[in-house]
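Asks: Below is a structure I'd like to ask you about.
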Amino acid sequence: MNGGTGLLGRENYPIVPLEDLCDLCSGITKGRKIDSTVTVEVPYMAVANVQDGSLKLDNVKTIEATPEEIHRYHLMPGDLLLTEGGDPDKLGRGAIWNGEISSCIHQNHIFRARKASQHVDMEYLAHLVSSPYGKRYFLRQSKQTTGIASINMGQLKRFPVPLPPLEVQRRIAAILDKADQLLGQSRLLIKKVPSVEQSIFESLFGELVNGRSSCPVKALEEIVKGNRIGLVRASNECGSELPYSYLKMDSIGRNGRLLLHKATKTSASPEELADYSVRDGDVLFNTRNSRELVGKTAVYRGADEMLFNNNLMRLRFKSNTVSPDFFRLFLASRQGASELESRKSGTTSVCAIYWKNLKTMPVPLPPYELQIQLDKTLESLESLINNYFRQEARCNVLARVLKSDLMSGNH
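In the numbering used here, the protein residues as written are 631 to 1041.
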């Protein structure tokens, strides 16, 4: 046993090869020749089932195995399953088996480590192999070809395990379990944000529009005072040294925000500036794109002279009739999205909406003051949600730092 840097504090803990702590076993080989006439169909763990710190059990395959093979390769609660290789990110990833499926064995591309020493905690070991410490060892030792990395049984046996006292191992495992829990909760919550925000928006929008029987509806052409397709510019007519910002379809985000940093630059004559500039309150509508992106809409807020591309349409509304921000919200609603979908033409990859179809779209018109209030209410809601998830993101980052720091020996 050699001394090593401690995982908590600066103590020198012994370094023990994995083979001194666990019984290691490769698994059953698919397509092998079977001499026995007696076989049983059993489930088995493959590389796809073993994730980094968890098991994916929604698609577990089966294999014919002899009773002797089942006895040799059967999994027991507490076994650590480690992947032999594949993509570099799959190398050495592991998870604890807790008896999730009865009579389950493992494939030969999965190593099984079974506790053989009272001096090691298997949860600690699972965190260790998936930590930066473990990843570095496996990548350095692995055989690598183009995009593929793998380790063999000899390299796994020699895996150096820093071995603090058992109670310290358990404390490390408990801390890292909590870190993983925080990470998992953050990911789940972040996935739910769009649906939660959309649900609240639909409720507010429905109350404002559908909950008022006197709310009038007008065709889009009745409430705009002008529409124009943008300016055509080839790529060789654009460049960072040119004077005027030029907005293209990727300048409109999926969330209805205008991404000014994505604008390129071009030159323009005084006549083109007069005809193709955007001004505060103009709505930019994406007329051509892939099917799901046609209809992206954003409102320009600013005083700078900016031009817009021919894949965008500029809409200017009659004053005090419809708020540009309300119109954008309407298109983001289920009602507006349905109206847009019925007016699209083309294929999945190349689709368009033309003014002749768009102009007849019915737009509900609550009182102007209420349109403004809806936008302000949703801005406040978005601010609250963003503040909350900034806190969640901080927890996420702290959990990652904690896991990396504890298991890398950087103390």
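Glycine included, C-beta positions come from ideal geometry on N, C-alpha and C.
(1) By DSSP's criteria, R744 is part of a beta bridge. Which residues make up the other side?
(2) Please list the terminal residues of the continuous alpha helix (DSSP H) segment that includes G883.
(3) By a C-beta neighbour count over all protein chains shown, 10 Å radius and 16 as the cutoff for buried, is I1002 buried or exposed?
(4) Measuring CB atoms only, is the stretch 702-714 touching the stretch 660-667, in the sense that at least three cross pairs come out at less than 8 Å?
(5) So the candidates are L712, C734, S733 and P997; which of them puts its Cα closest to the Cα of G724?
(6) Is T951 helix, strand or coil when you go by DSSP?
(7) N738: which of Y767, S732, R766 and C655 sits nearest, CA to CA?
(8) Please give me, in chain order, every unbroken run of the beta strand (DSSP E) with length at least 3 that falls completely inside the stretch 636-711.
(9) Which residues bound the beta strand (DSSP E) around L923?
(10) Please classify R863 as buried or exposed, where buried requires at least 16 other C-beta atoms within 10 Å of its C-beta.
(11) Consult DSSP for S780 and reduce its assignment to one of helix, strand or coil.
(12) According to DSSP, is M991 helix, strand or coil?
(13) Thinking just about the alpha-carbon of each residue, which of S881, T896 and I853 is nearest to the one in C868?
(14) Please classify E999 as buried or exposed, where buried requires at least 16 neighbouring CB atoms within 10 angstroms.
(15) Between the beta-carbon of Y906 and the beta-carbon of L945, is there less than 9 Å?
(16) Report the three-state DSSP secondary structure of Y874 (helix, strand or coil).
(17) Taking 9 Å as the cut-off, decide whether the C-beta atoms of G886 and A967 are in contact.
(18) In this structure, what does DSSP give as the bridge partners for T775?
(19) If we count the other Cβ atoms within 10 Å of its Cβ and call it buried at 16 or more, is E714 buried or exposed?
Replies: Quick look at the numbers:
(1) Partner(s): D653.
(2) Annotation: G883 is outside any alpha helix (DSSP H) and is labelled neither H nor E by DSSP.
(3) With fewer than 16 other CB atoms across the displayed protein chains lying within 10 angstroms of its CB, I1002 is exposed.
(4) Taking one beta carbon from each stretch, the stretch 702-714 and the stretch 660-667 have fewer than 3 pairs nearer than 8 Å; the two do not touch.
(5) Closest option to G724, Cα to Cα, is L712.
(6) If DSSP states are grouped into helix, strand and coil, T951 belongs with coil.
(7) Of Y767, S732, R766 and C655, the residue nearest in Cα terms is C655.
(8) List check, beta strand (DSSP E) in window: 642-647, 652-655, 670-675 and 691-695.
(9) Segment: none, L923 is in no beta strand (DSSP E) and carries neither H nor E.
(10) With 16 or more Cβ atoms within 10 Å of its Cβ, R863 is classed as buried.
(11) In the displayed model, S780 falls within a strand according to three-state DSSP.
(12) Correct three-state label for M991: coil.
(13) Nearest option by C-alpha distance: T896.
(14) The residue is exposed, with fewer than 16 neighbouring Cβ atoms inside 10 Å.
(15) For the 9 Å CB-CB criterion, Y906 and L945 do not form a contact.
(16) In the three-state scheme derived from DSSP, where H, G and I count as helix and E and B as strand, Y874 is classed as strand.
(17) No, Cβ-Cβ distance for G886 and A967 is not below 9 Å.
(18) Bridge pairing for T775: I778 [DSSP].
(19) That one is buried.
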